[in-house]
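Number of protein chains: 2
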Amino acid sequence: MSMINGFTPEDATRLSETERCLIERRERLLGPAYRLFYERPLHTVRGEGVWLFDEQGRRYLDAYNNVASIGHCHPRVVEAMYRQSLQLNTHTRYLQEGVLDYAEQLLGTFPGDLERVMFTCTGSEANDLALRIAKQYTGGTGVIITQFAYHGVTGDIAELSPSLGRGMVLPAHVRTVRAPDAYRLGAANVGATFAADVRAAIDDLKAHGIRPAAILLDGIFSSDGVLPGPAGFLAEGVALAQAEGMLYIADEVQSGFARTGLNMWGFSRHGVRPDIVTLGKPMGNGQPIAGIVGRPEVVDDFGKNMRYFNTFGGNPVSCAAGQAVLDVIQEEHLQQRSYDIGGYLLGGLTTLAQRHDMIGDVRGAGMFLGVELVTDRATKRPAAEQARKVVNSMREQGVLISAAGPLENVLKIRPLLAFTKEHADILVEAVDVAITSLR
Amino acid sequence: MSMINGFTPEDATRLSETERCLIERRERLLGPAYRLFYERPLHTVRGEGVWLFDEQGRRYLDAYNNVASIGHCHPRVVEAMYRQSLQLNTHTRYLQEGVLDYAEQLLGTFPGDLERVMFTCTGSEANDLALRIAKQYTGGTGVIITQFAYHGVTGDIAELSPSLGRGMVLPAHVRTVRAPDAYRLGAANVGATFAADVRAAIDDLKAHGIRPAAILLDGIFSSDGVLPGPAGFLAEGVALAQAEGMLYIADEVQSGFARTGLNMWGFSRHGVRPDIVTLGKPMGNGQPIAGIVGRPEVVDDFGKNMRYFNTFGGNPVSCAAGQAVLDVIQEEHLQQRSYDIGGYLLGGLTTLAQRHDMIGDVRGAGMFLGVELVTDRATKRPAAEQARKVVNSMREQGVLISAAGPLENVLKIRPLLAFTKEHADILVEAVDVAITSLR
């Protein structure tokens, strides 16, 4: 089973003896599910701010990892976790103030009636819980997702993640809609197309006697190819689904925590009101913490009728990490920086597009950007092989990005929120060099 | 939806103003899924060794929590996490030595051909992954569990957890068997009864055209009432299932990491060979880390055919915690202590039974013990209300335990592995006082 930007055994000849030994140990201990990035996998030994360091001491500008979003080994998070782990680390069956203080601060970043939070440890668990809540609340099972969605790895959620490839088979209660791809569908059509697809999916679920439960959408459609705009394109389709009694689950595991710049949460760009929002990756800057935020009516219905206890969910050490992340986002003005530097980056990449015909589209919201490579701008023929080469060339230049999308031709650029303009310049230049070298 | 040993709003009159405020905040921020232990919930502020401390500075002997198993805030774990979090915390798509060193050390504690490990963040994720692997490997969907099993909270695994109560409905592909309850079925019959139930379950799955995939069993049947013996009772039933091509998944989330004394893993007491073992709770002494260990043939089949990536799974900080836990278990001889002190405790509780008719049965393996309360030894009529009173009386005395089992009448005693004889004496005396006060 292949993976975009994955190392393959044929690449092994390029590696040092040390690296080959490490890979052999991985295979022997962890098995084949553990896949590596890049033709020459990165051997990481240290992280600091926007940089990762390899075993040779060479540094790599991190424009990919949205977990250590506020900076690798951020001292505020490290110290907060250390202090708390010296004091107490237990579960939520006892009264404890830390989880409540954090919950209050986190909920304060949400609009409207998104007033309850439940903590899990991973984004997969968050989406899995959101789905359970939606089924309980609606009494239905039908779910609508996009064609190349990724929402996680639990049994129920992997089934809602067709981007995982041919190993996954869509179950009978799931319908897919086209992702709102402004580049290929046209910006003017994308909202109406999405709404029409949602309408058809609901009708088809009902025609099969399946009661609709939820529409589950990534806040920036990352695996569908990074599709941020135009702002507002979700509104019509989501309103349709909600009018049918479905819950709208906004998957903010990738697009949350100031990533999209203008807002703390990706869905806000579209003027929609989620029933449940799922959180994860950057929430603890590396500490395993995730969760769901939802409308009281919906969350309470589940909590009253079902038993749910996540042993590590909301533990004091994870909450301390989460609170430090929120503090840093606020104190270091990272949402504004995500907007400013993200815009600066978008400008730089757009300028590159004037010199490189291979760049078919440049798009982004804040610090989540996509550069779609094509061999022909008129036909928009995808340049997947070239995207792979650009990603690997950039790794050799010391800049980390990846690729995404059903056509495997979109550069996935997701810089740490701690980027400055200087870092953005390094990144744009590396893209330039990589694409130039393809000629 | 009620919970054994759960706080109910009617208990609120016993509480201080501070505690009532905290509970009101919890309800407002976290919703009704967040249930508390005890009639007078514990307000925890600090943990150290075998003790938890409340906001008044009063200490509580922890004979319940099997997460901070080697001791609350164990300095070795705290320091290992701190050191690693200053250095690097990222995922397994890059080469990194820490996860491999830990994997090697962990796999060294397993017998036979259990040679591969995959890391998750919670025990629920571990069981969910094990189930996915079993379905992929066997091509089946049928699962056998015990009647009052608990295996976790993802959608697929909550369905295999009937102890969650009436909110859960068993799906068509699941069959339950009676837990091997030596007290109620008779020690001499328990293995044969279990095997006969497994045989019937397999036949019934097949009669319904459902291909059997897995038999999933808790290493000490905790939610079924803590059922440790006699050693070997699992062998016949498990062999039957494996002969039918089913995978035996040993759920060691509760019974693993030296908990059962004689062995590192609970299944070892029964002379069985699992295809997959699932791990969790005490693995990182509070840090969210869990995983599966399995036979190469089984794990590799999944890894080759499916994509699975757990973002936080196997991260360096969690692995550092896990490695410190293994080191401490070895260096502080905690498995031997679990055996010794567990045996001492079993003796103390058995002596109590000579004076208290209400104690129908005392059982245990290492530091996982059950005391079954009955109103009449001849009829074995369960004393659930009395068990609740004992648990709450002990909390007032400063000793933490809980209750379990389908009849809600089994004292669930799970001391930290760091217990000494002095701690065991305090515990036994508290049980004595609590039962005496019932007269």
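If you read the protein sequences in the order shown, they are chains W and B.
For the first sequence, the tail end lands on 1932 under my numbering, and the numbers increase by one without skipping.
For the second sequence, the tail end lands on 1932 under my numbering, and the numbers increase by one without skipping.
Using N, Cα and C, we set each Cβ at its ideal position, and we do this for glycine too.
Report yes or no: is there a C-beta of chain W within less than 8 Å of the C-beta of residue i?
i	result
P1655 (chain B)	no
H1536 (chain B)	yes
L1600 (chain B)	yes
P1525 (chain B)	yes
A1665 (chain B)	no
G1632 (chain B)	no
Y1676 (chain B)	no
R1911 (chain B)	What sits at residue 1911 (chain B) in the sequence shown is Ala, not Arg. No, A1911 (chain B) lies away from the interface with chain W (no Cβ there is under 8 Å from its Cβ).
D1793 (chain B)	yes
When you compare the CB of residue i with every CB in chain B, is at least one pair closer than 8 Å?
i	result
G1898 (chain W)	no
A1706 (chain W)	no
Q1816 (chain W)	no
E1901 (chain W)	no
T1804 (chain W)	yes
E1797 (chain W)	Checking the sequence, you will find Lys at residue 1797 (chain W) rather than Glu. With 8 Å as the cut-off, K1797 (chain W) counts as an interface residue toward chain B.
In the DSSP assignment, the alpha helix (DSSP H) including residue i goes from what residue to what residue?
i	result
I1822 (chain W)	P1809 to E1824
T1511 (chain B)	E1510 to L1523
T1686 (chain W)	V1683 to A1700
R1677 (chain W)	A1675 to L1678
D1594 (chain B)	E1590 to L1600
R1576 (chain B)	P1568 to Q1580
R1830 (chain B)	L1827 to R1848
I1563 (chain B)	Taken as a continuous stretch (DSSP letters only), I1563 (chain B) belongs to no alpha helix (DSSP H), as it is neither H nor E.
What separation, rounded to the nearest whole angstrom, lies between the Cα atoms of residue i and residue j?
i	j	result
R1830 (chain B)	G1645 (chain B)	29 Å
R1609 (chain W)	Y1630 (chain W)	15 Å
I1695 (chain B)	L1900 (chain B)	27 Å
V1810 (chain B)	V1683 (chain B)	43 Å
P1767 (chain W)	A1665 (chain W)	25 Å
T1669 (chain W)	G1633 (chain B)	26 Å
R1677 (chain W)	I1742 (chain W)	25 Å
G1564 (chain B)	L1581 (chain W)	11 Å
I1769 (chain W)	A1917 (chain B)	46 Å
Q1828 (chain B)	Y1595 (chain B)	19 Å
G1712 (chain B)	Y1557 (chain B)	17 Å
I1703 (chain W)	S1617 (chain B)	28 Å
Y1531 (chain W)	E1541 (chain W)	21 Å
G1779 (chain B)	E1922 (chain W)	44 Å
D1850 (chain W)	V1924 (chain W)	13 Å
I1650 (chain B)	A1707 (chain W)	20 Å
R1586 (chain B)	Y1801 (chain B)	12 Å
R1856 (chain B)	T1872 (chain B)	19 Å
L1600 (chain W)	A1814 (chain W)	16 Å
T1501 (chain W)	K1797 (chain W)	49 Å
D1627 (chain W)	D1794 (chain W)	A quick correction: the sequence has Ala, not Asp, at residue 1627 (chain W). Each residue's alpha carbon lies about 10 Å from the other.
Between which two residues does the beta strand (DSSP E) carrying residue i extend?
i	result
A1707 (chain B)	P1705 to D1711
D1744 (chain B)	L1740 to D1744
K1774 (chain B)	Careful: K1774 (chain B) lies outside any beta strand (DSSP E) and carries neither H nor E.
R1539 (chain B)	T1537 to E1541
Y1553 (chain B)	R1552 to D1555
V1667 (chain W)	V1667 to V1670
R1856 (chain B)	I1852 to A1858
Mind checking who residue i pairs with in its DSSP beta bridge?
i	result
P1875 (chain W)	W:V1867
W1758 (chain B)	None, per the DSSP bridge assignment.
A1472 (chain W)	Any property of residue 1472 (chain W) remains undetermined from this structure, which presents chain W solely from 1494 to 1932.
T1639 (chain B)	B:V1670
L1545 (chain B)	B:G1540 and B:Y1553
A1783 (chain B)	B:T1613
V1892 (chain B)	B:L1554
F1530 (chain W)	W:G1499
L1862 (chain B)	B:G1857 and B:I1906
Consider the C-beta atom of residue i and the heavy atoms of the ligand FAD; say whether any pair is separated by less than 7 Å.
i	result
H1584 (chain B)	Among the ligands in the structure shown, none appear at all, so the ligand FAD cannot be discussed.
Residues of the segment 1502–1516 of chain W with Cβ closer than 8 Å to any Cβ of chain B, in chain order: E1512, L1515 and I1516
Chain-ordered residues of the segment 1607–1626 of chain W with a beta carbon less than 9 Å from chain B: E1608, R1609, V1610, M1611, F1612, T1613, C1614, T1615, G1616, S1617, E1618, D1621, L1622, L1624 and R1625
Members of the segment 1555–1585 of chain B that neighbour chain W once the beta carbon cut-off is set at 8 Å: N1558, V1560, A1561, H1565, C1566, V1570, V1571, M1574, Y1575, S1578, L1579, Q1580, L1581, N1582, T1583, H1584 and T1585
Selection of the segment 1765–1791 of chain W by Cβ proximity to chain B, strictly under 9 Å: G1773, K1774, G1777, N1778, G1779, Q1780, P1781, I1782, A1783, G1787 and P1789
Residues in the segment 1863–1891 of chain W having any Cβ partner in chain B nearer than 7 Å: none
Residues of the segment 1637–1648 of chain B with Cβ closer than 7 Å to any Cβ of chain W, in chain order: V1646, T1647 and G1648
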